[in-house]
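Report on the structure given below.
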Amino acid sequence: MTALLQVKDLRTSFFTPEGEVKAVDGVSFCICPGEALAVVGESGCGKSVTSLSIMRLIPHPPGHILGGQILFDGRDLLKLNDREMRRIRGKEIATIFQDPMTSLNPVLTIRRQITESLELHLGMNAQQARQRSVELLKMVGIPCPEQRIDDYPHQFSGGMRQRVMIAIALACSPRSIIADEPTTALDVTIQAQIVNLLEDLQDSFHLTYLFIAHDLSVVCHISDRVAVMYLGKIVELADRDSLYKQPLHPYTRALLSAIPIPDPVAEEKRERIILTGDVPSPVNPPPGCRFRQRCPLAFGHCQDEEPEFRNLGDEHWVACYRAA
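Counted from 1, the sequence shown has number 296 at position 254 by the working numbering; the numbering is strictly sequential.
Okay, here's the thing in structure tokens:
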């Protein structure tokens, strides 16, 4: 199947007082229509920068996309001008940002924030846009949408604000949605509701997801494939079942060992992998494997040369000398 979104050798950097930081360094992946790819990793590994690069929302300066390709339905988004890119955002690719309280405008009603894209991209008049907005709020589970549509963001709970963000993302019926940690600021029960809602919407509208998270216990319910990032690079990429059952990279194993098990007996017996040391500075990453300073399996060759990102069979990709 032809990929709807394909990222090739993406490199993005930021200039800081300490020097140039390569936040994303040679990231490549593809997503087919109707598929959900989860990108996971600890804070600062480059997940959100990858999503912002796809949407061409990297602030310049200090940020800069150094190179690579971002192909959406065959078009290289990095070669589009600002006007052409604005036609893509919201209409073809939509984003659900991490914190709805800072993403929503506090001085505009929910109606105005949903109808804006409907009027801009679809040419609806005010009445049509309002009717469509009510339908969207109802679709994402907002009670009494006819009345709530004229409320302001502070009048909604955290979970309801996130549902509003999903409604805004769905407004123009995009083919692909980037969900940047949409459940991070929510409690566990609301997280489950949001994930279930996203799954139902994907089935109903054949949506293509790029789902960004740091919690592997969340993405296992919504992803078809999982990419694990560390310090600006993807270190493992595989289908969900293969990665959870047989992780090949030591960093992936450590992340999976941190997921709590709801069985006290099994939780007590299993081996927990505790990583020592700090994440290296992205301004001056170490030579060779970037994970070697924290890796319990590192040996001499890990310092000499960066491991190749290779396919070990069944499209299970990993960058580790010990993976074989």
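Even for Gly, the Cβ is constructed at its ideal location relative to N, Cα and C.
Coarse secondary structure for Glu241, derived from DSSP in three states:
As a first step, residue 241 is located in the sequence shown; it is residue number 199 there, counting from the start. Glu241: helix per DSSP, three-state reduction.
For Lys275, is the classification buried or exposed, using 16 other Cβ atoms within 10 angstroms of its Cβ as the cut-off for buried?
One-based indexing of the sequence shown puts residue 275 at position 233. Its Cβ being crowded by 16 or more others within 10 Å, Lys275 is buried.
Per-residue burial, Val19 [other beta carbons within 10 Å of its own, 16 or more giving buried]:
Residue 19 is absent from the structure shown; the chain starts at 43 and stops at 366.
Helix, strand or coil: how does DSSP classify Ile107 here?
On the sequence shown, residue 107 is found 65 positions in, with the first residue counted as 1. In this structure, Ile107 counts as strand in the three-state DSSP scheme.
Span of the beta strand (DSSP E), counted from its first residue to its last, around Cys331
Taking the sequence shown and counting its residues from 1, one reaches residue 331 at position 289. Counting along the chain, Cys331 falls outside any beta strand (DSSP E), and DSSP gives it neither H nor E.
Under 8 Å between C-beta atoms of Gln204 and Pro187
The residue given as residue 204 occupies position 162 in the sequence shown. The residue given as residue 187 occupies position 145 in the sequence shown. Against a cut-off of 8 Å, the Cβ pair of Pro187 and Gln204 comes out as no contact.
Which residue's Cα is closest to the Cα of Leu108: Cys72, Arg117, Phe114, Arg98?
The count along the sequence shown starts at 1 and reaches residue 108 at position 66. Cα-wise, what sits closest to Leu108 is Arg98.
Taking contact to mean 3 or more Cβ pairs, one atom from each stretch, closer than 8 Å, check whether the stretch 136-152 and the stretch 70-80 are in contact.
no
Report the three-state DSSP secondary structure of Asp67 (helix, strand or coil).
The residue given as residue 67 occupies position 25 in the sequence shown. Strand at Asp67.
Would you kindly check if the distance between the Cβ of Ile315 and the Cβ of Arg332 is under 8 Å?
For the purposes of this step, residue 332 is identified with residue 290 of the sequence shown, where counting begins at 1. For the purposes of this step, residue 315 is identified with residue 273 of the sequence shown, where counting begins at 1. Not a contact, by the Cβ cut-off of 8 Å.
CB of Gly132 within 8 Å of CB of Cys262, strictly
For the purposes of this step, residue 132 is taken as the residue at position 90 of the sequence shown. For the purposes of this step, residue 262 is taken as the residue at position 220 of the sequence shown. Not closer than 8 Å, so no.
Going straight from the alpha carbon of Gly76 to that of Gly342, what length do you get?
Your numbering for residue 76 matches position 34 in the sequence shown. Your numbering for residue 342 matches position 300 in the sequence shown. So the two alpha carbons sit approximately 43 Å from each other.
Just how far apart, CA to CA, sit Pro304 and Pro322?
Indexing the sequence shown from 1 puts residue 304 at position 262. Indexing the sequence shown from 1 puts residue 322 at position 280. When rounded, the distance between both Cα atoms is 33 Å.
In its own chain, which residues sit with a C-beta less than 7 Å from the C-beta of Gln48, not counting the 5 before and 5 after it?
Within the sequence shown, numbered from 1, the residue matching residue 48 stands at position 6. Excluding residues within five positions, the ones whose Cβ falls inside 7 Å are Cys72, Leu113.
Judging by CA-CA distance, which residue of Val82, Met271, Phe56, Ala78 is the nearest neighbour of Thr250?
Within the sequence shown, residue 250 is the residue found at index 208, counting from 1. The candidate whose alpha carbon is nearest that of Thr250 is Ala78.
Evaluate Ser95 with the Cβ neighbour count: other Cβ atoms within 10 Å of its Cβ, from every protein chain shown; 16 or more gives buried, anything less gives exposed.
The count along the sequence shown starts at 1 and reaches residue 95 at position 53. It counts as buried.
Is it the case that the stretch 276-286 contacts the stretch 235-255, given that we only count it when at least three CB pairs across the two stretches are under 8 Å?
no
Sequence-distant residues of its chain with Cβ nearer than 8 Å to Leu150 (five each side left out)
Looking up residue 150 in the sequence shown gives position 108. Answer for Leu150: Tyr194, listed in chain order.
Is it true that the CB of Leu298 sits closer than 8 Å to the CB of Leu339?
Residue mapping note: residue 339 aligns to position 297 of the sequence shown, counting from 1. Residue mapping note: residue 298 aligns to position 256 of the sequence shown, counting from 1. For Leu339 and Leu298, no; Cβs fall outside 8 Å.
Ser55 - containing alpha helix (DSSP H), residue span:
Locating residue 55 in the sequence shown gives position 13, counting from the first residue. Not the alpha helix (DSSP H): Ser55 falls in the beta strand (DSSP E), residues 47-58.
According to DSSP, Thr144 sits in a beta bridge with which residue or residues?
On the sequence shown, residue 144 is found 102 positions in, with the first residue counted as 1. Thr144 pairs with nothing; no bridge assigned.
Enumerated in chain order, which unbroken segments of the beta strand (DSSP E) with a length of 3 residues or greater are wholly contained in the stretch 289-322?
none
Can you tell me whether Ile301 is buried or exposed? The criterion is at least 16 other CB atoms within 10 Å of its CB, across all chains shown.
Numbered from 1 along the sequence shown, position 259 holds the residue referred to as residue 301. Exposed is the call here.
Thinking C-alpha only, which one of Phe253, Val82, Ser55 is nearest Met271?
Counting from one through the sequence shown, the residue named residue 271 turns up at place 229. Comparing Cα-Cα distances from Met271 to each of Phe253, Val82, Ser55, the minimum goes to Val82.
Three-state secondary structure assigned by DSSP to Ile184:
As a first step, residue 184 is located in the sequence shown; it is residue number 142 there, counting from the start. Here Ile184 sits in coil by DSSP.
Among the residues of its own chain, which have a CB less than 8 Å from the CB of Arg172, if the five just before and after it don't count?
Numbered from 1 along the sequence shown, position 130 holds the residue referred to as residue 172. Cβ neighbours of Arg172 beyond the five flanking positions: Arg153, Thr157, Ile191.
Hey, which unbroken runs of the beta strand (DSSP E) at 3 residues or more fall wholly within the stretch 197-282?
218-222, 250-255, 267-272, 275-281
Using DSSP with H/G/I as helix, E/B as strand and the rest coil, what is Asp124?
Taking the sequence shown and counting its residues from 1, one reaches residue 124 at position 82. In this structure, Asp124 counts as helix in the three-state DSSP scheme.
Tell me the DSSP bridge mates of Cys72?
Counting from one through the sequence shown, the residue named residue 72 turns up at place 30. According to DSSP, which records beta bridges pairwise, Cys72 is partnered with Gln48.
Nearest candidate by alpha-carbon position, reference Ile135, set Phe253, Glu161, Ile219
Along the sequence shown, one-based indexing puts residue 135 at 93. Ranking the options by Cα distance to Ile135, first place goes to Ile219.
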